[in-house]
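Asker: Sharing a structure with you now.
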Amino acid sequence: MPPHKRRFLLNIFGLFIAFLGLEWSARVLFPGGNLPYAIAVFRYLLPTLPLLAIIPLASRYFRQSPEPSLSQRRIAPVRRYMTRLGTSMLLYAIFLVSSIVALDQFTLSLQIKTFLAVLTALPIGGVIWAVARFMADPDVDEFERTILTHSVLLSTALILFFTALWGFLENFAKAPDFPLYLIVPVFFGLFGLVQPFVRRGFR
Amino acid sequence: MKNNLRVLRAERRWSQAVLAQHLDVSRQSINAIETGKYDPSLPLAFAIARLFERRIEDIFDDQAKEQE
Chain A
10 MPPHKRRFLL NIFGLFIAFL GLEWSARVLF PGGNLPYAIA VFRYLLPTLP
60 LLAIIPLASR YFRQSPEPSL SQRRIAPVRR YMTRLGTSML LYAIFLVSSI
110 VALDQFTLSL QIKTFLAVLT ALPIGGVIWA VARFMADPDV DEFERTILTH
160 SVLLSTALIL FFTALWGFLE NFAKAPDFPL YLIVPVFFGL FGLVQPFVRR
210 GFR
Chain B
398 MKNNLRVLRA ERRWSQAVLA QHLDVSRQSI NAIETGKYDP SLPLAFAIAR
448 LFERRIEDIF DDQAKEQE
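Just so you know, the sequences run in chain order A and B. So for the first sequence, the numbering used here puts the first residue at 10; every next one is plus one. So for the second sequence, the numbering used here puts the first residue at 398; every next one is plus one.
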C-alpha cells in the first residue's frame, strides 16, 4: 500500500476513534435530556466535528495520489463532486442535529415537525444530486462512468429486492420494522461494496 | 470487442499508463479496452486511431466476436 494511502486510512481511523471518544464523553457528561438548547446543540454537534475533517483529508488524498494518467481535466469533476457532497453532508449534519435537539427540547406543532422532517431530508436530495451531476459530467473518464452506472443499477436492483423481501418478512413473519430513511445509507453502502465486483467484471 | 491495441502499444514500448496519459483516460480504461471487456466510445476510438495513425477498423475488429 502506498504511504499516502496508509496515512489517509490511518487518519480516517483516527477521526472515527475521536468521534467515538467524544460521543462517549458527551454521554457521560450529559446523560439525560432536558439540556439547555445551546448546550444540547453543542453536545450533539461536537462529536460529529472530527468526521467533517474527512472532507479536507479526502481532498488532500486526491491531490497527492492522482494516477499519473489522470489530467487536471479528469480531476476537476472529482473536486466539484467533493465540494457538493461535502456541502450537502455539512447541511445534513446541521439540520439533523438541530431537528433532533428541537424535537427533544421543545413541544412542537405538527406543522413545524413536518417542516423539520422535510428540512432534514433535503440535503439527502443534495447528496443524490451531487452523485448524479458527477456521473453526468462530460469530463469524467468514460470507463469510470460505466463502472459507476453499472454499480448504481446493481445496487438499486439489490435495494429493490431487499425492500420487497423485508416488506413480506414484516407482514408474514413479524420481522422488525425497518426505518425507511435507512435505505439511503444502505444504498450508498451497497454502491460502494458492489464497485470492486463491477470493476472485476471488466478485467 | 477484439482489438490490437496491446500490439500497437508494445510497438511503441508504451506502458498502459503512458498510453492512458496520451489519450487522457484512466489506466484501467486501457486495460479494459485491451482485454476486450470494454468498448470505447466513438470519440475515444477516433482518438486512439489518430494517435496510432491507423483507421479505426485496423485497430478494432467487430467481426471477431461474431465468428467465435
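By construction, the Cβ of each residue, glycine as well, lies at the ideal position given by its N, Cα and C atoms.
Could you tell me how far apart the beta carbons of A/Leu125 and A/Ala111 are, in whole angstroms, since I believe they sit closer than 8 Å?
Answerer: In the first sequence, residue 125 of chain A corresponds to position 116, counting from 1. In the first sequence, residue 111 of chain A corresponds to position 102, counting from 1. Rounded, the Cβ-Cβ distance is 6 Å, consistent with contact.
Asker: Taking all protein chains shown into account, do 16 or more other C-beta atoms lie within 10 angstroms of the C-beta of B/Gln413, making it buried, or fewer, making it exposed?
Answerer: By one-based count along the second sequence, residue 413 of chain B stands at place 16. Per the 10 Å Cβ criterion, buried.
Asker: Alpha carbon to alpha carbon, what distance is there between A/Phe196 and A/Lys122?
Answerer: Your numbering for residue 122 of chain A matches position 113 in the first sequence. Your numbering for residue 196 of chain A matches position 187 in the first sequence. Roughly 26 Å separates the two Cα atoms.
Asker: Please determine whether the Cβ atom of A/Leu44 lies at a distance below 7 Å from any heavy atom of the ligand MG.
Answerer: By its list of ligands, the structure shown contains no ligand whatsoever, and the ligand MG lies outside what it can speak to.
Asker: Consider the Cβ of A/Glu220: report whether some Cβ of chain B lies at a distance smaller than 8 Å.
Answerer: In the structure as shown, chain A starts at 10 and stops at 212, and residue 220 of chain A therefore has no counterpart that could be examined.
Asker: Name the chain A residues that come within less than 9 Å of B/Lys434, Cβ to Cβ?
Answerer: Within the second sequence, the letter at position 37 stands for residue 434 of chain B. Within 9 Å Cβ-Cβ: Gly210, Phe211, Arg212.
Asker: Which residues in chain B have a C-beta closer than 9 Å to the C-beta of A/Arg72? List them in chain order.
Answerer: As a working mapping, residue 72 of chain A is identified with position 63 in the first sequence. What A/Arg72 touches in chain B: nothing, since even the nearest Cβ is about 17 Å away.
Asker: With a threshold of 7 Å on Cβ separation, who are the neighbours of A/Leu117 within its own chain once the five nearest residues in sequence on each side are excluded?
Answerer: Here the question's residue 117 of chain A lines up with position 108 in the first sequence. The answer, listed in chain order, is Ala111.
Asker: May I ask you to list the residues that DSSP assigns as paired with B/Lys434?
Answerer: Residue numbering aside, residue 434 of chain B sits at position 37 when the second sequence is read from its first letter. Beta-bridge pairing links B/Lys434 to no other residue.
Asker: I'd like the span of the alpha helix (DSSP H) that includes A/Pro65, first residue to last.
Answerer: Taking the first sequence and counting its residues from 1, the one referred to as residue 65 of chain A is at position 56. That run of the alpha helix (DSSP H) goes 63–73.
Asker: Alpha carbon to alpha carbon, what distance is there between B/Ala442 and B/Asp458?
Answerer: Position 61 of the second sequence, counted from the first residue, corresponds to residue 458 of chain B. Position 45 of the second sequence, counted from the first residue, corresponds to residue 442 of chain B. Their Cα atoms are separated by approximately 12 Å.
Asker: In this structure, how does DSSP classify B/Asn401 when only helix, strand and coil are distinguished?
Answerer: As a working note, residue 401 of chain B is residue 4 in the second sequence. Three-state result, B/Asn401: coil.
Asker: Which residues in the same chain have their Cβ closer than 7 Å to the Cβ of A/Arg215, if we skip the five residues on either side of it in sequence?
Answerer: In the structure displayed, chain A extends from 10 to 212; residue 215 of chain A sits before or after that span and is not available.
Asker: The alpha helix (DSSP H) spanning A/Leu90 covers which residue range?
Answerer: As a first step, residue 90 of chain A must be located in the first sequence, where it is residue number 81. Reading the sequence as shown, one finds Tyr at residue 90 of chain A and not Leu. First-last of the alpha helix (DSSP H) with A/Tyr90: 81–114.
Asker: Return helix, strand or coil for A/Asp150, following the three-state DSSP convention.
Answerer: Sequence index remark: in the first sequence, residue 150 of chain A carries index 141 (1-based). Here A/Asp150 sits in coil by DSSP.
Asker: Can you confirm whether B/Ala429, when its beta carbon is compared against all beta carbons of chain A, has any partner nearer than 8 Å?
Answerer: Translated into positions along the second sequence, residue 429 of chain B becomes position 32. By this cut-off, B/Ala429 is an interface position.
Asker: Between A/Arg52 and chain B, is there a C-beta pair that is closer than 8 Å?
Answerer: Your numbering for residue 52 of chain A matches position 43 in the first sequence. Answer no: the Cβ-Cβ gap between A/Arg52 and chain B never drops below 8 Å.
Asker: Given a limit of 9 Å on CB to CB distance, which residues of the region 440–452 of chain B reach chain A?
Answerer: For the region 440–452 of chain B, which is checked against every Cβ of chain A, the residues closer than 9 Å are Pro440, Leu441.
Asker: Report the CB separation of A/Val136 from A/Ser97 in whole angstroms; it is logged as a contact under 8 Å.
Answerer: Along the first sequence, read from residue 1 onward, the residue named residue 136 of chain A stands at position 127. Along the first sequence, read from residue 1 onward, the residue named residue 97 of chain A stands at position 88. The Cβ separation is near 5 Å, so the contact holds.
Asker: Would DSSP call A/Asp186 helix, strand or coil?
Answerer: Here residue 186 of chain A refers to the residue found at position 177 of the first sequence. DSSP places A/Asp186 in coil when its eight states are reduced to three.
Asker: With 8 Å set as the bound, which would you pick, yes or no: does the beta-carbon of A/Arg82 sit closer than that to a beta-carbon of chain B?
Answerer: As a working mapping, residue 82 of chain A is identified with position 73 in the first sequence. A/Arg82 counts as touching chain B.
Asker: So the candidates are A/Pro132, A/Ser68, A/Ala47, A/Leu29; which of them puts its Cα closest to the Cα of A/Pro59?
Answerer: For this step, residue 59 of chain A is matched to residue 50 along the first sequence. Of the listed residues, the one whose Cα sits closest to A/Pro59 is A/Leu29.
Asker: At the 8 Å Cβ level, is A/Phe170 part of the contact set with chain B, yes or no?
Answerer: In the first sequence, counting from the first residue as 1, residue 170 of chain A sits at position 161. No, A/Phe170 does not count as interfacial toward chain B.
Asker: Could you tell me how far apart the beta carbons of A/Leu61 and A/Leu94 are, in whole angstroms, since I believe they sit closer than 8 Å?
Answerer: For this step, residue 61 of chain A is matched to residue 52 along the first sequence. For this step, residue 94 of chain A is matched to residue 85 along the first sequence. No, A/Leu61 and A/Leu94 are not in contact; Cβ-Cβ is about 12 Å, not under 8 Å.
Asker: Consider the Cβ of B/Val404: report whether some Cβ of chain A lies at a distance smaller than 8 Å.
Answerer: Walking along the second sequence from the start, residue 404 of chain B turns up at place 7. Not one chain A Cβ lies under 8 Å of B/Val404.
Asker: Following the continuous alpha helix (DSSP H) through A/Met144, name the residue where it begins and the one where it ends.
Answerer: Here residue 144 of chain A refers to the residue found at position 135 when the first sequence is read from its first residue. Looking at the DSSP string, the run of the alpha helix (DSSP H) that includes A/Met144 is 119–145.
Asker: Taking only three categories from DSSP, how would you classify A/Phe211?
Answerer: The residue you call residue 211 of chain A lines up with position 202 of the first sequence. Residue state, collapsed to three classes: coil.
Asker: CA-CA distance, B/Gln460 and A/Ser68?
Answerer: In the second sequence, counting from the first residue as 1, residue 460 of chain B sits at position 63. In the first sequence, counting from the first residue as 1, residue 68 of chain A sits at position 59. Rounded to the nearest angstrom, the two C-alpha atoms are 45 Å apart.
Asker: Restricting to Cα atoms, I'd like to know which of A/Tyr90, A/Ser164, A/Pro132 is closest to A/Phe104.
Answerer: Indexing the first sequence from 1 puts residue 104 of chain A at position 95. Of A/Tyr90, A/Ser164, A/Pro132, the residue nearest in Cα terms is A/Pro132.
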